[in-house]
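A short worksheet on the structure shown next.
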Amino acid sequence: MTLTQPALIAQTAHADTLVDNIRGETIAAGGSVQAFIALMFDDNGVITAVYHTGERLPRQGKKGYQYRIDGKGHVLLPGMIDAHAHVIDTGFALLRLDLTDTASLDEALARIAAYARAHPDRPWIVGGGWNQERWHLGRFPTAAELDRAVPDRPVWLDRVDGHAGWANSAALKLAGVTAATPTPDGGAIDRLPDGRPAGVLVDHATALMDRVVPTPTPRDLDLALATAEADFAKMGITAVADMGTSINEWLAYRRAGDANRLYIRIMAYALGTEAMATIGGTGPTPWLYADRLHMGGVKLFLDGALGSRGAWLKAAYADQPASHGTPLLTETQLGNLMSRAAMDHYQVAVHAIGDQANATLLTTIDDLGHTYRGERRWRIEHAQIVDPADWPLVATIAAKGGLIASMQPVHQTSDRVMAEARLGPDRLRGAYAWASLKRQGAVLAFGSDTPVERPDPWTGIAAALSRQDKTGAPAGGWQPQERVDRPTALAAYTTNAAWAGFAETRFGRIAPGQRADFILIDTDPMTATPDAIRHTKVFQTWVGGGKTWDADAPAGEAKDKPERPL
Numbered sequence: 060m061t062l063t064q065p066a067l068i069a070q071t072a073h074a075d076t077l078v079d080n081i082r083g084e085t086i087a088a089g090g091s092v093q094a095f096i097a098l099m100f101d102d103n104g105v106i107t108a109v110y111h112t113g114e115r116l117p118r119q120g121k122k123g124y125q126y127r128i129d130g131k132g133h134v135l136l137p138g139m140i141d142a143h144a145h146v147i148d149t150g151f152a153l154l155r156l157d158l159t160d161t162a163s164l165d166e167a168l169a170r171i172a173a174y175a176r177a178h179p180d181r182p183w184i185v186g187g188g189w190n191q192e193r194w195h196l197g198r199f200p201t202a203a204e205l206d207r208a209v210p211d212r213p214v215w216l217d218r219v220d221g222h223a224g225w226a227n228s229a230a231l232k233l234a235g236v237t238a239a240t241p242t243p244d245g246g247a248i249d250r251l252p253d254g255r256p257a258g259v260l261v262d263h264a265t266a267l268m269d270r271v272v273p274t275p276t277p278r279d280l281d282l283a284l285a286t287a288e289a290d291f292a293k294m295g296i297t298a299v300a301d302m303g304t305s306i307n308e309w310l311a312y313r314r315a316g317d318a319n320r321l322y323i324r325i326m327a328y329a330l331g332t333e334a335m336a337t338i339g340g341t342g343p344t345p346w347l348y349a350d351r352l353h354m355g356g357v358k359l360f361l362d363g364a365l366g367s368r369g370a371w372l373k374a375a376y377a378d379q380p381a382s383h384g385t386p387l388l389t390e391t392q393l394g395n396l397m398s399r400a401a402m403d404h405y406q407v408a409v410h411a412i413g414d415q416a417n418a419t420l421l422t423t424i425d426d427l428g429h430t431y432r433g434e435r436r437w438r439i440e441h442a443q444i445v446d447p448a449d450w451p452l453v454a455t456i457a458a459k460g461g462l463i464a465s466m467q468p469v470h471q472t473s474d475r476v477m478a479e480a481r482l483g484p485d486r487l488r489g490a491y492a493w494a495s496l497k498r499q500g501a502v503l504a505f506g507s508d509t510p511v512e513r514p515d516p517w518t519g520i521a522a523a524l525s526r527q528d529k530t531g532a533p534a535g536g537w538q539p540q541e542r543v544d545r546p547t548a549l550a551a552y553t554t555n556a557a558w559a560g561f562a563e564t565r566f567g568r569i570a571p572g573q574r575a576d577f578i579l580i581d582t583d584p585m586t587a588t589p590d591a592i593r594h595t596k597v598f599q600t601w602v603g604g605g606k607t608w609d610a611d612a613p614a615g616e617a618k619d620k621p622e623r624p625l
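In this note's numbering, the protein residues as written are 60 to 625.
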């Protein structure tokens with residue numbers, strides 16, 4: 060059985076190629092939007108010239124261009140950069156059981172049962188995407204409920220945020236999780252009144268299941284990568300920051316690069332300091348495969364997610380007064396891990412969602428700044444709830460060595476109702492506060508957290524401009540003072556996202572010397588309504604002067620796709 064995901068097109072750059080008949084826009088060095096009418100790139104996939112209104116275009120010939128691409132009057136932008144993605148997980152989410160769009164527990168159970176019937180030879184049923192908030196359940200689902208759908212095999216299903224998992228009784232038995240199992244530090248086991256595990260494991264407790272869930276094979280990883288690449292290409296994404304790269308995932312990227320099948324640029328952040336040292340050794344790796352792969356940093360986790368009440372809050376949860384969330388590291392542990400990375404000049408990216416997690420991280424960064432000087436570009440991943448009392452510290456750090464707020468606009472539109480329930484009205488001022496963090500000097504880099512959300516930059520830009528979801532809710536936008544303007548939104552998906560990965564001299568803009576990563580689309584994000592931007596059509600995607608997506612490509616141009624894994 061072959062895949063049905065949109066196919067990638069294997070096309071390389073040609074010497075002296077002119078791209079004209081376009082409405083080009085890019086973010087200039089000062090942050091403004093700069094228009095242009097044509098560009099030219101060489102056979103290395105590097106832009107050699109950009110032409111503006113009133114400038115004469117070259118002629119075809121030895122002293123001009125050799126090949127021409129007719130942009131057909133479309134808008135041309137730099138390729139979109141997803142500043143926070145999980146590449147392999149994105150591929151697996153498209154290949155495995157997906158519960159993302161289920162609206163009720165019953166619908167989810169029916170889909171799980173149907174999937175199990177369709178795959179009778181699979182020893183485990185593995186998937187994810189469930190969200191009890193979307194089901195209006197008011198609690199976590201249980202193993203007993205999952206047993207109704209699949210009683211004969213173990214099942215393990217990740218929550219949509221990746222910070223919890225749902226097991227059936229067979230899986231819990233294989234993992235040895237019982238009433239006597241102690242709750243791991245930095246985790247939680249949802250329990251029945253008698254102490255037995257109810258079925259959901261949160262944050263570090265999910266490691267109990269990781270010991271027994273089958274590990275993906277190299278072939279599985281290669282397929283997941285190819286599937287994710289196709290998904291990114293059709294969205295107009297040419298580069299991603301891969302947050303939490305494992306050693307096996309890195310090897311999959313190297314295999315793809317060695318085989319000339321790496322069609323996106325991956326800025327990898329290793330999953331913890333052990334993977335960091337194994338992959339990079341005494342420092343970040345070189346840029347490999349013509350700037351398509353680089354491991355320059357480490358990803359650490361300070362707390363969990365708001366939806367599973369793992370985010371670490373200063374005050375108790377409004378809808379669970381006994382809990383402040385779950386810190387995954389002490390302040391000392393965080394400082395030691397960040398110092399271990401910084402001493403070898405790795406960039407540090409830390410997952411922090413709750414206001415206490417963000418306050419702790421900001422204090423730690425400020426302390427480390429006295430030892431590790433220079434432009435460190437510390438990254439806060441998510442920065443969802445930042446107490447306004449801590450905003451001055453954001454400004455202090457930003458002025459010293461750069462601070463990146465790596466945020467996901469669609470999280471705001473997906474989470475707003477849940478966030479109101481978790482936080483109550485008094486803490487919403489610091490929630491998803493894009494504009495406020497920017498005013499304090501933080502550099503906004505936008506992404507999707509795929510597969511938590513779809514890797515669709517157009518939905519993200521629409522949300523950033525409007526603070527509204529696809530239905531237009533709420534009227535006037537949620538906390539509308541935190542909207543950003545159009546150049547800021549475009550920069551957050553291009554130049555800022557490249558800067559956030561120390562890649563600004565390589566890609567992210569349309570300018571001489573930059574890689575020829577660009578897209579042709581039907582919508583001008585500088586003038587279109589947010590709703591029109593949300594429905595942007597991507598005609599073509601180009602990476603390094605090679606086409607990776609063409610909405611109108613004949614089927615014969617597509618690469619052969621491998622079969623699904625078991």
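Just so it is clear, CB atoms sit at the ideal spot from N, CA and C, and this is done for glycine as well.
task: Quick one: using the 10 Å Cβ neighbour count with 16 as the cut-off for buried, is Glu-166 buried or exposed?
output: The residue is exposed, with fewer than 16 neighbouring Cβ atoms inside 10 Å.
Reduced DSSP category for Pro-380 - H, G, I as helix; E, B as strand; rest coil: Under the three-state reduction of DSSP output, Pro-380 falls in the coil class, being neither helix nor strand.
- request: Would you identify the three-state DSSP class for Leu-347, choosing helix, strand or coil?
  value: Three-state result, Leu-347: strand.
As assigned by DSSP and simplified to three states, the class of Pro-277: Reduced to three states, the DSSP call for Pro-277 is helix.
- request: Tell me where the beta strand (DSSP E) around Tyr-431 begins and ends.
  value: Annotation for Tyr-431: no beta strand (DSSP E) segment contains it, and DSSP assigns it neither H nor E.
task: Return the CA-CA distance between Val-445 and Ala-418, expressed in angstroms with no decimal places.
output: Taking the straight line joining both Cα atoms gives about 7 Å.
- request: Using 10 angstroms around the beta-carbon of Lys-279, count the other beta-carbons present and answer buried if the total reaches 16, otherwise exposed.
  value: Here residue 279 turns out to be Asp, not Lys, going by the sequence shown. With a threshold of 16 other beta carbon atoms within 10 Å, Asp-279 meets it and is buried.
- request: Along the alpha helix (DSSP H) that carries Phe-151, what are the first and last residues, could you check?
  value: Run containing Phe-151: 146-154, per the alpha helix (DSSP H) assignment.
task: Can you say whether His-429 is buried or exposed, counting buried as having 16 or more other CB atoms within 10 angstroms of its CB?
output: Exposed: under 16 other Cβ atoms inside 10 Å.
Supposed contact pair Asp-75 and Tyr-126 - C-beta distance, whole angstroms, cut 8 Å: Confirmed, Cβ separation roughly 7 Å.
- prompt: Taking DSSP as the reference, what is the three-state secondary structure of Ala-521?
  reply: Here Ala-521 sits in helix by DSSP.
- prompt: Helix, strand or coil: which one does DSSP assign to His-441?
  reply: Annotated three-state conformation of His-441 is strand, per DSSP.
Range of the contiguous beta strand (DSSP E) that encloses Pro-468: Careful: Pro-468 lies outside any beta strand (DSSP E), inside the alpha helix (DSSP H) at 468-482.
- request: Check whether the segment 147-158 touches the segment 235-245, counting contact only when three or more Cβ pairs, one atom from each stretch, lie closer than 8 Å.
  value: In short, these stretches do not touch, since the Cβ pair count stays below three.
query: Which residues does DSSP pair with Ala-408 in a beta bridge?
result: According to DSSP, Ala-408 bridges with Lys-358 and Arg-438.
- request: Please work out which residues of its chain come closer than 6 Å, Cβ to Cβ, to Gly-83, disregarding the five sequence neighbours upstream and downstream, and give them in chain order.
  value: Closer than 6 Å at Cβ, skipping near neighbours: Phe-95 and Leu-135.
- request: Tell me Leu-41's beta-bridge partners as DSSP assigns them.
  value: An answer regarding residue 41 cannot be provided, because it is not within the stretch 60 to 625 covered by the chain.
query: Between the Cα of Thr-265 and the Cα atoms of Ala-522, Gly-339 and Gly-363, which residue gives the shortest distance?
result: Nearest C-alpha to Thr-265: Gly-363.
field: Counterpart residues of Ser-465 in DSSP-defined beta bridges
entry: Partner(s): Glu-440 and Ala-504.
task: Please report the residue range of the beta strand (DSSP E) in which Trp-189 lies.
output: Counting along the chain, the beta strand (DSSP E) containing Trp-189 begins and ends at 184-189.
query: Using the C-alpha atoms, what's the distance from Leu-487 back to Pro-539?
result: In a straight line, the C-alpha of Pro-539 is about 12 Å away from that of Leu-487.
- prompt: Tell me which same chain residues have a C-beta within less than 6 Å of the C-beta of Ala-556, skipping the five on either side of it?
  reply: So the list reads Ile-140, Ala-142 and Ala-504, once near-sequence residues are dropped.
field: Beta-carbon gap between Ser-228 and Trp-194 smaller than 8 Å
entry: If you check the CB distance, Ser-228 and Trp-194 do not come in under 8 Å.
- prompt: CB Tyr-312 to CB Leu-352, shorter than 8 Å?
  reply: Yes, they are a contact pair.
task: Answer with buried or exposed for Lys-606, where buried requires no fewer than 16 other C-beta atoms within 10 angstroms of its C-beta.
output: Result: buried.
- request: Reducing DSSP to helix, strand and coil, say where Tyr-491 ends up.
  value: In the three-state reduction of the DSSP assignment, Tyr-491 falls in the coil class, being assigned neither a helical nor a strand state.
query: Quick one: what's got a C-beta closer than 6 Å to Ala-152's C-beta in the same chain, skipping five residues either side?
result: Once the five neighbours on either side are set aside, the close Cβ partners of Ala-152 are Pro-510.
task: Please list, in chain order, all residues of the same chain as Leu-361 whose beta carbon is under 8 Å from its beta carbon, the five residues on each side excluded.
output: Its chain contains Trp-371, Pro-386, Leu-387, Leu-388, Leu-393, Val-409, His-410, Ala-411, Ala-416, Thr-419 and Leu-420 as the residues whose beta carbon lies nearer than 8 Å to that of Leu-361, once the 5 sequence neighbours on both sides are disregarded; these appear in chain order.
field: Touching by the beta-carbon criterion (3+ pairs, under 8 Å), the segment 172-184 and the segment 208-215
entry: Contact holds: three or more Cβ-Cβ distances are below 8 Å.
message: Below 7 Å, is the gap between the Cβ of Pro-386 and the nearest heavy atom of the ligand GTP?
response: The ligand GTP is not among the ligands present in this structure, which contains no ligands whatsoever.
- prompt: Under a three-way DSSP split, which group does Leu-158 fall into?
  reply: Residue state for Leu-158 is assigned as coil, using DSSP reduced to three classes.
- request: Please name the residue, chosen from Ala-375, Lys-122, Gly-355 and Asp-220, that lies closest to Gly-483 on a Cα-to-Cα basis.
  value: Of Ala-375, Lys-122, Gly-355 and Asp-220, the smallest CA-CA separation from Gly-483 is found for Ala-375.
message: Which same chain residues end up closer than 7 Å to Ser-91 when comparing Cβ atoms and leaving out the 5 residues on each side of it in sequence?
response: Counting only Cβ-Cβ distances below 7 Å, and skipping sequence neighbours, we find Pro-546.
query: Is His-73 helix, strand or coil by DSSP?
result: In the structure shown, the three-state DSSP call for His-73 is coil.
task: Taking Met-302 as part of the beta strand (DSSP E), name the residues at either end of that continuous run.
output: Bounds of the beta strand (DSSP E) holding Met-302 are 296-304.
- prompt: To which residues of the same chain is Ala-223 closer than 6 Å at the C-beta, ignoring the five residues directly before and after it?
  reply: Excluding residues within five positions, the ones whose Cβ falls inside 6 Å are Val-259, Val-261 and Ser-367.
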